[in-house]
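Numbering (this note's numbering), first residue to last: 593 to 968. These notes concern the structure reproduced below.
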């Protein structure tokens, strides 16, 4: 297990007063002109303390070099003031380029509350549950952030069974209404982005639009798939099952699905992808077929990975602010640990469209595109 600590106190700040005495919470309260209780509640992230007061306390504590005795707090409160995140290293996207930004957001926010973030790794689904159980048994964390939720998520089931606070990056239990679902989450409305992508292509003149989704064990894959269908309805285009492909999480898998779409009697002139990594595979597949992205076939992705900016033409995509996601998840989890009901701690936001040059008006019809492919 690897512990990632929040930003340390500046080396120039004092850890004791001029007499060498450790700065106490009483000293901090006196300096701020607040009660000890108010200072304590501000540093522990209680919801009845305003954000401005919390920030003022945090700044003064850093300036004075105040550091709470973690072991004493653990004995008194039963908490170790740590959040945990377990990453699965056998996943195809384990080198996710957003991970650093996500962790920065979580760590910075946790640090503002005087908490730490512990990051561990698991090598498989079974190992994931073992690691979670060990962290709980050893009291290494007070709660867990769970990224990339599945429809039936074993991690969620374990934490619920053991009554351990947790917050999900993504919703779960697809098929149930929000009122029927349990737990707290922060999520991006990927379904809204997929709907927008379809109507964008339709407005450019595309009437035959394909879709390449992710693996359907993930909750987000179902939501984005439904968003694509909603886009077809909004654009008054027919739903054709053969234009919808699922199961692509990697660039290679994305390329394979695009090749399959291009083999149809009437291939799509535009394709919407549930992830950028799969969308990048379209560049490889279309080039092999002698086609040009943005001219012969329009491509739109989702995520906003760094590579999307540097391919040519640049990938039009829906960007997700992962730093903010990490920050919001950390705060929601701390608030839950402090006693707020999990079902009241739910937030969603939207991805931001980044327009580049991978999409545009169709240069030819689906019939002409099919003919061009046959003549190769």
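Cβ atoms here follow ideal geometry from the backbone N, Cα and C, with glycine treated the same way. These figures come from a predicted structure and were not determined experimentally.
Do residue 870 and residue 804 have their beta-carbon atoms positioned less than 8 Å apart in this structure?
yes
Does the distance from the C-beta atom of residue 946 to that of residue 908 stay below 8 Å?
yes
Could you give the uninterrupted runs of the alpha helix (DSSP H) lying entirely in the stretch 704-784, keeping only those of 4 residues or more?
717-729 and 746-753
By the DSSP assignment, the alpha helix (DSSP H) with residue 920 in it spans what residues?
914-929
In three-state terms, what does DSSP make of residue 552?
Residue numbering for the chain in the displayed model covers 593 to 968; residue 552 lies beyond these limits and cannot be assessed.
Residue 699, buried or exposed, once every other Cβ within 10 Å from all chains shown has been counted against 16
buried
Cα-Cα separation between residue 872 and residue 881, rounded to whole angstroms:
Approximately 15 Å between the Cα atoms of the pair.
If you scan the stretch 821-888 from start to end, which runs of the alpha helix (DSSP H) of 4 or more residues do you find wholly inside it?
For the stretch 821-888, whole alpha helix (DSSP H) runs of length 4 or above, ordered along the chain, are 843-854 and 868-880.
Beta strand (DSSP E) segment containing residue 939, residue limits:
938-941
Is it true that the stretch 884-895 meets the stretch 926-934, where meeting means three or more beta-carbon pairs spaced less than 8 Å apart?
The stretch 884-895 makes no contact with the stretch 926-934; the number of CB pairs closer than 8 Å stays below 3.
Please report how far the alpha carbon of residue 958 lies from the alpha carbon of residue 715, in whole angstroms.
44 Å
Separation of residue 713 from residue 672, as counted between CA atoms
20 Å
Could you give the C-beta distance for residue 782 and residue 816, rounded to a whole number, given that I count them as a contact under 8 Å?
5 Å
Cβ-based burial, residue 831 [other Cβ within 10 Å; buried from 16]:
exposed
Mapping the DSSP letters down to three states, classify residue 801 as helix, strand or coil.
strand
Taking only three categories from DSSP, how would you classify residue 683?
coil
Taking only three categories from DSSP, how would you classify residue 890?
Three-state result, residue 890: strand.
Over what stretch of residues does the alpha helix (DSSP H) that includes residue 671 continue unbroken?
It is not in any alpha helix (DSSP H) - residue 671 carries neither H nor E in the DSSP assignment.
Residue range of the unbroken beta strand (DSSP E) whose run includes residue 944:
944-946
Coarse secondary structure for residue 903, derived from DSSP in three states
coil
So if DSSP puts residue 955 in a beta bridge, which residue, or which two residues, is it bridged to?
In the DSSP assignment, residue 955 is bridged to no other residue.
Should residue 681 go down as buried or exposed, given a rule of 16 or more other Cβ atoms within 10 Å for buried?
exposed
Residue 908, enclosing beta strand (DSSP E) - first and last residue
908-911
Reference residue 865, options 702, 821 and 827, closest by Cα
821
Taking the straight line between their C-alpha atoms, what separation do you get for residue 934 and residue 925?
9 Å
Does residue 725 pass the burial test, meaning 16 or more other C-beta atoms within 10 Å, or should it be called exposed?
exposed
Distance CB(residue 756)-CB(residue 921) smaller than 8 Å:
No, they are not a contact pair.
Can you tell me which of the three DSSP states residue 619 falls into?
Assignment of residue 619 by DSSP, reduced to helix, strand and coil, places it in the helix class.
Beta-carbon contacts of residue 795 that lie in its chain and below 7 Å, excluding the five residues immediately before and after:
none
Which value, in whole angstroms, describes the spacing of the CA atoms of residue 774 and residue 633?
28 Å
Applying the criterion that 16 or more other CB atoms from any shown protein chain within 10 Å of the CB defines a buried residue, is residue 705 buried or exposed?
buried
Rounded to whole angstroms, what is the Cα-Cα separation between residue 727 and residue 918?
20 Å
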